Amino acid sequence: KLNLELGTKNAELQKANFTIEKVNDAVYWISADAHILRVNEAACKTLGYTAEEMLGLTVADMNPHLTMERWPGYWSELKEKKTLLLESNHRTKSGIILNVEISANYICYEGQEFYCAIVRDITTRKQVEREIRTNNKRLASQYNISQYPFTSEQEFLDHALNEVISLTESKFGYIYFYNDQS
């Protein structure tokens, strides 16, 4: 009976390990002193490191915003709240900065404290959000220009120029009005 129980527990452990390795999101186990204890295949693939290389890194090596000086405060907040959901950046081995969403979870198992982070690359989503904001600004400017109650061509051109300068965040602007009739 004991062998059957051990076999069942071992099979469950293997299934859990297999699942962690095969999920699409990066999974990190990180020690209280910010060292990476374990990563899954997705973490390695996302950042371009081997698992062995990742085990030699700290959080500060990956996250340009979370320095070793800031780590104790972050660790204390995580330990107090037990879970944090935040957006940040991770640096790949080749130096590319990715936008990421981090679900950080404080864990204490048999007296060992660590945090398990599930990290999702949201770089594409953030780019789409920036494009939507830019397009919304353009539409608003076009609407403001088209609805402006101008009394002269010059007043209209001045207003349009101010809208374009505001939209492009330029310091200089120029509009030339060409009239075939003149």
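According to this note's numbering, the sequence shown is numbered sequentially starting from 224.
Backbone N, C-alpha and C define an ideal beta-carbon position, used for all residues, glycine too.
No experiment lies behind these values; they were computed from the predicted model shown.
- The residue among Lys394, Leu309, Val323 and Ala249 with its C-alpha nearest the C-alpha of Gln350 is Val323.
- In this structure, Cys339 is the residue among Ile320, Cys339, Gly279 and Leu321 with its C-alpha nearest to the C-alpha of Tyr329.
- Around the beta carbon of Ile320, fewer than 16 other beta carbons sit within 10 angstroms, so the residue counts as exposed.
- The secondary-structure analysis by DSSP pairs Ile325 across a beta bridge with Leu309 and Val342.
- One Cα belongs to Gly396, the other to Ile388, and the distance between them is close to 6 Å.
- Within the region 225-307, the complete alpha helix (DSSP H) segments at least 4 residues long are 225-245, 264-270, 274-277, 282-285 and 294-304, listed from N- to C-terminus.
- Judged by their CB atoms, Gly271 and Thr315 are nearer to each other than the 7 Å cut-off.
- The criterion of a C-beta distance shorter than 7 Å is satisfied by His313 and Asn286.
- Beta-carbon to beta-carbon, Val282 and Ala265 are separated by about 17 Å, too far to satisfy the 8 Å threshold.
- In summary, Ala274 is exposed, with fewer than 16 beta-carbon neighbours lying within 10 Å of its beta-carbon over all protein chains present.
- Bounds of the alpha helix (DSSP H) holding Thr391 are Glu376 to Thr391.
- With a contact defined as Cβ atoms closer than 8 Å, Leu384 and Arg361 miss out at about 15 Å.
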